[in-house]
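Only one structure is covered here, and it is reproduced in the block below.
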Amino acid sequence: MASSVSIKFLKTKEGTAMVQMGDAIAVERCVQHLNNIPIGNDGKIQIAFSKQNFLSEVTNPYTLPDHTPSFKEYTGSKNNRFLSLTQASKNRIQPPSKILHFFNTPPGLTDEQLIAAFSSNDCHPSQVRMFPLKSERSSSGLVEFPSVALAVQAIMKCNHTAIDHKGTKFPFIMKLCFSSSKTMNGAWNNENIENMKQGSVVPTTPGAEDEPMQAR
Numbered sequence: 001m002a003s004s005v006s007i008k009f010l011k012t013k014e015g016t017a018m019v020q021m022g023d024a025i026a027v028e029r030c031v032q033h034l035n036n037i038p039i040g041n042d043g044k045i046q047i048a049f050s051k052q053n054f055l056s057e058v059t060n061p062y063t064l065p066d067h068t069p070s071f072k073e074y075t076g077s078k079n080n081r082f083l084s085l086t087q088a089s090k091n092r093i094q095p096p097s098k099i100l101h102f103f104n105t106p107p108g109l110t111d112e113q114l115i116a117a118f119s120s121n122d123c124h125p126s127q128v129r130m131f132p133l134k135s136e137r138s139s140s141g142l143v144e145f146p147s148v149a150l151a152v153q154a155i156m157k158c159n160h161t162a163i164d165h166k167g168t169k170f171p172f173i174m175k176l177c178f179s180s181s182k183t184m185n186g187a188w189n190n191e192n193i194e195n196m197k198q199g200s201v202v203p204t205t206p207g208a209e210d211e212p213m214q215a216r
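Taking the UniProt record's numbering, the leading residue of the sequence shown gets 1, the next gets one more, and so forth.
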């Protein structure tokens with residue numbers, strides 16, 4: 001799975017955007033897994049192949065309603081999960097589900113703090129499950145939403161949310177992905193957790209390995 005290269009919103013077609021992925025296989029997977037999926041209470045995303053081979057840089061992008069630019073390049077973004085072929089090879093493709101896997105959150109994070117991070121973006125989980133800490137560097141776990149549509153909305157709104165932590169100079173940047181888990185009530189052991197991490201790339205905190213990242 002390749003990362004996003006660039007995104008361009010079309011001024012003449014409101015609500016329409018073009019996305020360039022790292023390779024053709026990634027585009028095929030996006031169409032396969034994301035086309036016609038519901039978003040929130042009444043939304044739906046439609047994805048189709050474009051005739052363009054690449055997106056040209058837009059030197060003067062217009063401003064979107066949320067005050068972000070209509071064109072952005074993501075090649076060098078540290079929020080891209082697959083910055084190398086090694087990272088990409090560890091990824092396991094998961095279609096949208098109502099259970100999300102969260103990682104790169106502060107150690108000692110409570111259910112209440114996690115729910116507050118989602119609620120601040122008007123997303124409301126129905127259930128949270130923290131994984132046992134394997135190190136003091138970060139925490140991870142699962143969060144469930146009432147429906148796939150609401151989980152999709154949550155991953156769009158809340159991925160890369162900054163969560164402050166006492167004792168660290170920079171906030172942790174929460175990362176989200178769809179989970180392969182079908183239920184929150186399964187028996188979790190170290191093997192389950194390790195498999196989940198391999199499918200989501202091992203979490204890291206801002207520090208020696210990574211420069212601090214700003215939320216979205």
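Glycine included, C-beta positions come from ideal geometry on N, C-alpha and C.
Just so it is clear, the structure is predicted and the values come from calculations on it, not from any experiment.
My guess is that residue i and residue j are in contact by the Cβ rule of under 8 Å, so how many angstroms apart are they, rounded?
i, j, result
"V143", "L100", "5 Å"
"V58", "F71", "4 Å"
"I39", "Q153", "5 Å"
"N35", "I25", "Between I25 and N35 the Cβ distance is about 16 Å, and since that is not below 8 Å, they are no contact."
"F172", "S126", "The pair is not a contact, with the Cβ atoms about 23 Å apart (cut-off 8 Å)."
"M184", "R129", "5 Å"
"N80", "S140", "Going by Cβ atoms, the distance from N80 to S140 rounds to 19 Å, so no, they are not a contact pair."
For the alpha helix (DSSP H) containing residue i, list its first residue and its last residue.
i, result
"Q153", "V148 to C158"
"E28", "A24 to L34"
In three-state terms, what does DSSP make of residue i?
i, result
"T59", "coil"
"Q37", "Strictly speaking, residue 37 in this sequence is Ile, with Gln absent from that position. If DSSP states are grouped into helix, strand and coil, I37 belongs with the strands."
"K11", "coil"
"F118", "helix"
"S6", "strand"
"Q127", "strand"
"E73", "strand"
If you follow the beta strand (DSSP E) that residue i is in, where does it begin and where does it stop?
i, result
"residue 218", "Shown here, the chain extends from 1 to 216; a query on residue 218 therefore has no answer."
"A17", "A17 to M21"
"G141", "S139 to E144"
"L176", "K175 to F178"
Suppose you measure from the CA of residue i to the CA of residue j; what does that come to, to the nearest Å?
i, j, result
"G167", "D111", "20 Å"
"E73", "V19", "10 Å"
"F131", "P107", "11 Å"
"T16", "T75", "21 Å"
"D164", "S120", "14 Å"
"K13", "S6", "18 Å"
"K182", "P65", "36 Å"
"P61", "K8", "9 Å"
"Q113", "H124", "12 Å"
Cβ of residue i within 6 Å of any heavy atom in the ligand PLP?
i, result
"Y62", "Looking for the ligand PLP in the displayed structure turns up nothing, as the structure carries no ligands at all."
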